[in-house]
Amino acid sequence: MSIQASITKFLYKGILKRILFRIDPEIIHDRMVKFGASLGKSKIMHHLVSFCFNYHNHNLTQTVNGITFKNPVGLSAGFDKNAELGDILPQVGFGFAEFGSITGRPCTGNPKPRLWRLKKSKGLVVYYGLKNDGCEKISERLTGKKFEIPIGISLGKTNDTQTVVLEEGIADYIKAYKAFAEKGIGDYYTINISCPNTHGGEPFVDPERLDLLLRAFNTLEATKPIFLKMPPDLTKKEVNAILEMVKKHDIAGFICANLTKNKEKLKLADERIPELGGISGKPTEELANDLIRHIYLKTEGQYTIIGCGGIFSATDAYKKIRAGATLLQLITGMIYEGPQLIGEINRGLVKLLKKDGFKNISEAVGADYKNKI
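First residue of the sequence shown? That's 12 in this note's numbering, and the numbers climb one at a time after it.
Spelled out as structure tokens, the structure:
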């Protein structure tokens, strides 16, 4: 870890985090997004933030689905809901970022409170309900913008009773997609079928309904990779049914995984757990790793897997890579550990690759199971 990153870690975990964690988490989230957006407008701050956090090593660079990533650590959807941080995220050290989830119409989300910390368990309970400004406003904001890193657009369906109707839900996804794709915005797209906090639940984890949704996407003749964001709570039989159905469609890969809503199956150290919402962070780590492992083995490594859930260190990240993840995403780890975590993970990955004799991060993908596929 660099000296400046070490200082940041000490200041964040020793002082700043103690103050921030006394304030409502949604208020802090909103203020951090505004602060980050303001930093992104200043070239001087670009250089300063990059000096403090950014780290480059050619061993971490890889081309995936035609997209070049300088490093495998990305910002997960759910943090930058309205695509306001694209100018500062590369300076923090992210190799890519995913905006959203973004819906066909503006969405105010669920009633407050809708975000809680699980301090002892190092997790969050999230009940936002796809709060965002809607595809038209956000795509207009991004029109003509150039980014230093690959950008993903996470697509959701508007959280209201109208989209509970199957045809309306599909139309909403398509509207959101077209708002960005027709303007050439985004390097890849994610169909978020696994948000647990919306009207109608997760209807498109059902293979027959998902088939109809993907058929609608097929008619658009997409030229950029499309991923599915998977829930962590499905049985292997249910996952296998989705994998079998997806063979008929042009899907680049899977994000493993979204929030878990099966709180009773988790080992949570906190006394009071909100009944609403899904859980992110450390409690989801093994669920995500199991899903990565299963999909990688079941599909014999044919799909790109983006690992997400419980990444708090380079060791956590490396476990997902060796299990079959080509790329990674995080939010909660950064909230608990500090913004220097991204560079810390990338530095640590280089050391772990060298220790295991790998010359590039791509060689480590699925390394635990290479002899089984």
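Cβ atoms here follow ideal geometry from the backbone N, Cα and C, with glycine treated the same way.
This structure is a prediction, so every number in the text was calculated from the model and none was measured.
Asked: What's the C-alpha gap between Gln-173 and Lys-54?; Found: 44 Å
Asked: For Ile-303, collect the residues of the same chain with a Cβ closer than 7 Å to its Cβ; drop the 5 residues on either side in sequence, then sort them by chain order.; Found: Cys-267, Ile-316, Gly-318, Lys-331, Ala-334, Gly-335 and Ala-336
Asked: Quick check on DSSP: helix, strand or coil for Asn-229?; Found: helix
Asked: With distances taken Cα to Cα, identify the nearest neighbour of Ser-61 among Asn-208, Lys-28, Gln-102 and Leu-270.; Found: Gln-102
Asked: Within 8 Å, do at least three Cβ pairs link the segment 35-51 to the segment 66-81?; Found: no
Asked: Whole angstroms is fine: what's the gap from Gly-288's alpha carbon to Asn-170's?; Found: 14 Å
Asked: Taking the Cβ atom as the reference point for each residue, do Lys-121 and Gly-140 lie within a distance shorter than 8 Å?; Found: Just to set this straight, residue 121 is Asn in the shown sequence, not Lys. Yes, the Cβ-Cβ distance between Asn-121 and Gly-140 is below 8 Å.
Asked: Mind checking whether Glu-109 and Ser-87 have CB atoms under 8 Å apart?; Found: yes
Asked: How close, in whole Å, do the beta carbons of Leu-71 and Ile-322 come, if the pair is a contact with beta carbons under 8 Å?; Found: Actually they are not in contact, since the Cβ atoms of Leu-71 and Ile-322 sit about 15 Å apart, beyond 8 Å.
Asked: Compute the Euclidean distance between the alpha carbons of Gly-104 and Ile-39, then round it to the nearest angstrom.; Found: 21 Å
Asked: Could you tell me the distance, in whole angstroms, from the CA atom of Asn-82 to the CA atom of Tyr-66?; Found: 9 Å
Asked: Report, in whole angstroms, the separation of the C-beta atoms of Ile-164 and Ile-113, which I expect to be a contact under 8 Å.; Found: 6 Å
Asked: Counting only runs of 4+ residues fully inside the segment 89-125, write out the alpha helix (DSSP H) ranges in chain order.; Found: 100-103
Asked: Considering only the beta carbon of each residue, do Ile-290 and Thr-271 sit closer than 8 Å?; Found: yes
Asked: In chain order, what residues of the same chain have a beta carbon less than 8 Å from the beta carbon of Lys-235, not counting five sequence neighbours either side?; Found: Ala-192, Gly-197, Asp-198, Tyr-199 and Tyr-200
Asked: What does DSSP give as the partner residues of Phe-32 in its beta bridges?; Found: Phe-32 pairs with nothing; no bridge assigned.
Asked: For Asn-203, report the span of its beta strand (DSSP E) as first-last.; Found: 199-203
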